[in-house]
Amino acid sequence: MKSCFKFLLGLSFAGLSMGAGAQAPISPPAAQAPAAAASAPLPAPVVSASARRLYERSKGQLLQIRTLLKTQDSQASVGSGFLVSDDGHVVTNYHVISQFALEPDSYRLRYATTDGQGGALELLDFDARRDLALLRAVGDGLKGRGALQFRPQSQPLAKGERIYSMGNPHDVAFAVVEGNYNGLVERGFDPLIYYAGGINPGMSGGPVLDEDGLVVGVNVSTMLFAQQVSFLVPGEFAAGLVKRSVGAKPITSAAWTRLRDQLMRYQDELVTRFVSQPWESANHKRYRLPVPKQEFMRCWGRGTPADNKGLDFERSQCRMDHALFVSGNLQTGWLDMSHEAYDGEKLGALRFARQYSGSFRNERLGQSDKSRTAPFCKEQFVDRDGLPLRAVVCLRAYRKLEGLHDVSILVTTVDAATQGALGRFDARGVSFDNALKLAAHYLEGFAWTNGSKAK
């Protein structure tokens, strides 16, 4: 059984990095059509009057946010942002400025306006949980340009309303993209707006406006391999960050401690809510297997394929759709769990044992890397109301976020010669105490199905 990398592989933060995630070269134009066909005039593209009006009205408050190397003008990443005060305060995404926040001795921040002006930026505060940051221009370069205003929470949007995303996609040019508000993402731990419109790399941190030019959200990410499925941070969280931190002193040293404190608070809330929920039933005839309530996780399942070669199984996987961005090397703050139930009666005990133990050995538990230590694992046999289990718990500590860990829990039933179940639970970025709570909670989800113990 292989643990999936979850929805995160299908979700792209809309910042543009010049590192391993640099954009691919632009494809050359298609071959020119024959002259006869080209002579027919093409209709001019239809441009929304609202889009033109809103862009013209707000372009003075739109910015490109660039992270540059400290000692040269080579850019490491680019995103977008917008002015929220007449004194040069700027909102963008945390992931746009994360390199500067964590390595201020190696990077610096610059802005560029739609009319070609530029200048330095300083970081006042960030909210990693909401993927937001508050910046301020150094000097008077942005003073007097005006500010975008946030739509009041007392005026909620209706599903289907037209909204307008702005930013600088792929470092090409400032742009406005029309789309529709489709409410909040269902089964999310934190609120995210589902935006039916295209957000491209480089647009992260840009504003999304309603018909009146009020900010309703902040560009944050898009779903890869899907069309017009993008996500916004609700504007209320950006407004809250501005209110809290508009008078803050600039952050001038590496912000690992501040980031750690934010992640600690988040994981404590996440774990508390998760362990308070009872397990659902997997409806297996022999075992009670842990399946979470789908309040902020999504579950998928599949059964035995036609070429199973005698081994019948049922598989379920549940995972959170959203993670917290730490750096280009690390995302955290999510849960993922799965189980497979096997019936090898057609194989016989020897062949079943070989495949069953092979599935357990094939589990990947990570290795030492730049962000985390190698896993430390402990194995133990556990009795759950007469059901014998083999359990392995592994912890990987975060190198620069003291007190946070990744925990992986593997559990197999060891009660029968030709039947069994294998479960896995992964939590990213939890304290040691919460890792133990999750392990205990997960083990409590295993038991006999009523009446199956004696069989």
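Each residue of the sequence shown is one higher than the one before, counting from 805 in the working numbering.
Even glycine gets a Cβ: it sits at the ideal position worked out from N, Cα and C.
- By the Cβ criterion, the region 1240 to 1257 is in contact with the region 1072 to 1090, since at least three pairs of Cβ atoms, one from each stretch, lie closer than 8 Å.
- Inclusion of Y968 and V980 in the CB contact set at 7 Å is warranted, their separation being smaller than that value.
- In the DSSP assignment, F1117 falls within the unbroken beta strand (DSSP E) covering 1116 to 1123.
- Looking at the DSSP output, V1095 sits in a beta bridge with E1084.
- If you ignore the 5 residues before and after V888, its C-beta comes within less than 6 Å of the C-beta of V895, A951, V1046, all in its own chain and listed in chain order.
- In the three-state DSSP reduction, G1044 falls in the helix class (H, G or I).
- Residue nearest to D931 within the set Y1091, E982, W1060, V882 is W1060 (criterion: CA-CA distance).
- Excluding residues up to 5 positions away in sequence, Q879, V882, R914 lie with their Cβ nearer than 6 Å to the Cβ of R870 in the same chain.
- Taking all protein chains shown into account, E1183 has fewer than 16 neighbouring C-beta atoms within 10 Å of its C-beta and is therefore exposed.
- In the structure shown, N1023 adopts extended strand secondary structure according to DSSP, grouped into three states.
- Bridge pairing for A1251: R1092 [DSSP].
- In the structure shown, the three-state DSSP call for A880 is strand.
- Within the same chain, Cβ atoms closer than 8 Å to the Cβ of T1222 are found at D1147, G1148, E1149, L1151, G1152, A1153, F1156, the five residues on either side in sequence being excluded.
- With contact defined as three or more Cβ pairs closer than 8 Å, the region 1061 to 1074 and the region 1033 to 1047 are not in contact.
- Excluding its 5 nearest sequence neighbours in each direction, V1012 has C-beta neighbours in its own chain below 6 Å: I967, S969, V1020, G1021, L1036, listed in chain order.
- Between the region 981 to 1001 and the region 1112 to 1126 there are three or more C-beta pairs closer than 8 Å, enough to call the two in contact.
- Residue pairing for Q1135: DSSP places it in a beta bridge opposite F1129.
- In this structure, the beta-carbon distance from A1052 to D929 falls below 7 Å.
- Within the same chain, N984, Y985, N986 come within 8 Å of G964 by CB-CB distance, once the 5 residues on both sides are set aside.
- Judged by their CB atoms, F1180 and R1194 are not nearer to each other than the 7 Å cut-off.
- Taken through DSSP and simplified to helix, strand or coil, A1220 comes out as coil.
- Under the three-state reduction of DSSP, E860 is assigned to helix.
- Apart from the 5 residues on each side of it in sequence, P956 has no Cβ closer than 7 Å to any other Cβ in its chain.
- By alpha-carbon distance to Q953, the top candidate from V1215, L1018, L925, D919 is L1018.
- With a minimum length of 3 residues, the unbroken runs of beta strand (DSSP E) contained wholly in the region 902 to 957 fall at 911 to 917, 922 to 931, 936 to 941.
- By DSSP's assignment, V895 forms a beta bridge with F886, L938.
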